[in-house]
Amino acid sequence: MPSDAGQPQLRLHPMSWLFSLGSLLRQLLVPLIAVMIFGGADRELGQQLALGLFLLCVVLGIALWRQYWFRYGWSNGVLLISQGLVFRRVRHVEFSRIENISTQVTPLHRWLGVVSVQIETSSGGRPEAELQVLSTAALAELREAIQGSRAAPEDASALPAEAEHQLLRLPATELIRYGLIDNRGLFVVLAGMALLQQSGLLRLGWERFGTWLAQVPLPDLDALGPGGTAALLVISIVAAIVLLRLLSVAHALLRFWGFALTERDDGFRLSYGALTRRQLTLRRARIQALYQVQNLLHRAFGRCALHIDLAGGVLDDSESGGDSVRYLAPLCRPGQAQELAQRVFPQMAHDADDWQGLAPGARRRLTRRLGLIWSALLLVPGLWYLGHWGWLGLGLSLPLAALQAHMQVRYTRWVLTPEMLLLEQGWLRRTRVLLPRARVQALQLTTSPFDRRLRMASLLVDTAGAMQRPAFRLRYLDARQAADLQHALYRSDPVAPEAAAG
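In this note's numbering, each residue carries its 1-based index in the sequence shown increased by 206.
Listed below in structure tokens is the structure:
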């Protein structure tokens, strides 16, 4: 329902206060526990319960207040949102600026038939608006209004429904592979330990474990001998690795269960999640860069991952497991990755022949730099544990540095086509970056004193979606080649720069 006279008239779902209450309680959980425990040390149990009930009523009142004075609506292609009574805030979000409507559905959402909605624009950072919560019918009405305004404001009802084509679906077997590769079990363990530490249960559990361990008869390590002790150590390490991998697999199944990537007329839609179901819509014009990533385990399983940079992307740690990675496909075959890249960037050429490498002296310079690093890493521990024999670390550092420098130079190359800038780099962790030239926002050419002496330079390429880091950095380029590349990327009628002579 549109708004009347430019004033939002629609309310949230009647059960919105329940989700607002849960959100407030999660934010105030640690302070509430501190007040109950430390602030009530001299009070009786009844007084502590009364204090907790009073604080709960205060939070409930805030949740009900927020819901009662929250209004939303739309008028003339503008989304209107009004909050508060004393300090009233009214926001106007033009439909043309809305880049993404993401939804989140937990089991409680599904039981009540509601959904949490986030409205994202190209401004980045936090969502432009959060509607917590709407009924599924209200969400469908809002989506229809936004899509109809973009398609044909004069006669949106005459257009057919937007068709979708499924590009990728990950069954349980693929999610198990993803869990074995990604190894997020370590994050699960660390998060659990942090929660136990905050609640005080970690110290209590550790004390009880020590008491139990003192009563359990343990094998005599001296009787086992060096071989038995080493075998016990290996078994413990293997058991820990297996446990972490199993936790990682469980995390992958819960996070990406039912993962589906579908293509729409103007972009893509991702849906995934077992307990909490998320749905993201990505406009094709919003995707700034595409990263095809392969580590050792990816190559062992014959898989890769596709990451993307989004203009105005919202960084959600809960969604990405503690980092700012936004997946287009958490796992796929290399052939599927090429097909998806062609779907994301239709202007991408299938093959590029004139790949360029680093400057001729890059291998020698990298060997010297890495040699110093390896010497510091090997010499100090070697002298500490091995005494005079630790000086052998210097003899090992040079071959290691030479091997690493050779492989890094060998697997680093770039090419500039009329439409795209492509980069491949990495040895153990290989990354292929696809960046349309129209998405380049900033270029920075830097030269250190060592660069100038060896006629080298570094080029940093940035986009609107790489908010916390540049899209990529090319180091140890030939200085003339780097200047030509920078100039070509700035030109309105781009022509790939010719390779500079060595």
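Yeah, the Cβ is synthetic: ideal placement off N, Cα and C, and Gly gets one too. As the structure is a computational prediction, the values presented were derived from the model and not from experiment.
For residue i, count the other beta carbons within 10 Å of its own beta carbon; 16 or more makes it buried, fewer makes it exposed. Which is it?
i: Val264; result: exposed
i: Ala367; result: Here the model assigns Ala367 a pLDDT of 47, short of 50, so the residue's position is not dependable, and the following value carries that caveat. The residue is exposed, with fewer than 16 neighbouring Cβ atoms inside 10 Å.
i: Ala364; result: Because the pLDDT at Ala364 is just 38, under 50, the model does not fix this residue reliably, and the value given afterwards should be weighed accordingly. Burial call: exposed.
i: Thr327; result: buried
i: Phe551; result: buried
i: Ile447; result: exposed
i: Leu634; result: exposed
i: Gln273; result: buried
i: Glu370; result: exposed
i: Gln455; result: Checking the sequence shown, residue 455 turns out to be Val, not Gln. Counting Cβ neighbours within 10 Å, Val455 comes out buried, since at least 16 surround it.
i: Ile325; result: buried
i: Ile441; result: exposed
i: Ala183; result: No answer is possible for residue 183: the residues shown for the chain start at 207 and end at 708.
i: Arg645; result: buried
i: Leu534; result: buried
i: Phe678; result: buried
i: Leu592; result: exposed
On a CA-only basis, which of the options is nearest residue i? Give me that one, please.
i: Gln631; options: Asn501, Arg532, Leu604, Ala670; result: Asn501
i: Gln687; options: Val321, Val296, Pro566, Leu503; result: Pro566
i: Ala543; options: Arg571, Ala436, Leu512, Met554; result: Leu512
i: Gly599; options: Val499, Ser229, Ser581, Ala644; result: Ser581
i: Leu564; options: Pro624, Phe656, Arg681, Leu230; result: Arg681
i: Ile185; options: Gln273, Ser281, Ser322, Gly267; result: Since the first residue of the chain shown is 207 and the last is 708, residue 185 is not available in this structure.
i: Gln553; options: Arg303, Trp223, Ala491; result: Ala491
i: His457; options: Leu516, Ala378, Ile493; result: Ala378
i: Leu381; options: Asp471, Tyr478, Asp684; result: Tyr478
i: Arg658; options: Val639, Leu683, Val646, Ala436; result: Leu683
i: Gly267; options: Leu231, Gln494, Leu488; result: Leu231
i: Ser322; options: Leu216, Ala437, Thr482; result: Thr482
i: Ile387; options: Leu459, His594, Glu334; result: Leu459
i: Ser222; options: Asp560, Leu602, Ser341; result: Ser341
i: Ala608; options: Glu625, Leu583, Met626, Arg570; result: Arg570
i: His612; options: Arg316, His594, Pro587, Leu572; result: Leu572
Considering only the beta carbon of each residue, do residue i and residue j sit closer than 8 Å?
i: Val667; j: Leu641; result: yes
i: Phe507; j: Arg383; result: yes
i: Arg532; j: Arg509; result: no
i: Ser226; j: Ala256; result: no
i: Val339; j: Leu218; result: yes
i: His298; j: Leu286; result: yes
i: Leu318; j: Tyr278; result: no
i: Leu537; j: Ile514; result: no
i: Asn389; j: Arg461; result: no
i: Arg638; j: Met626; result: no
i: Thr653; j: Ala694; result: no
What's the C-alpha gap between residue i and residue j?
i: Val621; j: Phe293; result: 55 Å
i: Glu525; j: Ser308; result: Annotation note: pLDDT 43 at Glu525 (below 50); position unreliable, coordinate value reported separately. Their Cα atoms are separated by approximately 12 Å.
i: Gly464; j: Leu291; result: 42 Å
i: Arg661; j: Thr618; result: 19 Å
i: Leu439; j: Gly385; result: 25 Å
i: Leu376; j: Leu578; result: 45 Å
i: Val320; j: Leu503; result: 40 Å
i: Gly541; j: Ala480; result: 27 Å
i: Gln213; j: Phe276; result: 12 Å
i: Val444; j: Gln614; result: 31 Å
i: Arg475; j: Phe260; result: 44 Å
i: Ala184; j: Glu305; result: Any property of residue 184 remains undetermined from this structure, which presents the chain solely from 207 to 708.
i: Arg505; j: Gln610; result: 19 Å
i: Leu224; j: Leu216; result: 18 Å
i: Trp561; j: Arg303; result: 38 Å
i: Leu576; j: Gln485; result: 44 Å
i: Ser530; j: Ala335; result: A caution first: Ser530 carries a pLDDT of 44, below 50, which makes its placement in the model unreliable, though a value can still be read off. The straight-line gap from Cα to Cα measures roughly 20 Å.
i: Arg220; j: Glu347; result: Looking at the sequence provided, one finds Pro at residue 220 rather than Arg. Going from the Cα of Pro220 to the Cα of Glu347 covers about 17 Å.
i: Arg349; j: Pro624; result: 36 Å
i: Gln647; j: Gly228; result: 40 Å
i: Ala568; j: Val499; result: 24 Å
i: Gly601; j: His594; result: 13 Å
Given residue i, which residues of its chain have a CB within under 7 Å of its CB, disregarding the five upstream and five downstream residues?
i: Leu373; result: Leu467, Thr468, Glu469, Leu546, Arg549
i: Gln692; result: Leu649, Leu651, Leu665
i: Ile493; result: Ile514, Leu516, Val550
i: Pro700; result: Residue confidence for Pro700 is low, a pLDDT of 45 falling below 50, so the modelled location carries little weight; the figure read from the coordinates is stated next. Pro624, Arg643, Ala694.
Taking 7 Å as the cut-off, is the beta-carbon of residue i closer than that to any non-hydrogen atom of the ligand ZN?
i: Trp595; result: As far as ligands go, the structure on display features none, and thus does not contain the ligand ZN.
Cutting at 6 Å between CB atoms, please list the residues of its own chain near residue i, excluding the five before and the five after it.
i: Trp606; result: Here residue 606 turns out to be Leu, not Trp, going by the sequence shown. Counting only Cβ-Cβ distances below 6 Å, and skipping sequence neighbours, we find Trp580.
i: Leu488; result: Gly473, Phe474
i: Ser710; result: As shown, the chain starts at 207 and ends at 708. That puts residue 710 outside it, with no answer to give.
i: Ser603; result: Gly577, Trp580, Ser581, Leu584
i: Val520; result: A caution first: Val520 carries a pLDDT of 49, below 50, which makes its placement in the model unreliable, though a value can still be read off. Result list for Val520: Glu326, Pro333, in chain order.
Starting from the C-beta of residue i, find all residues in its chain whose C-beta is less than 8 Å away, skip the five residues before and the five after it, and write them out in chain order.
i: Pro359; result: At Pro359 the pLDDT is 43, less than 50, meaning the model places this residue with poor confidence and gives no usable figure here.
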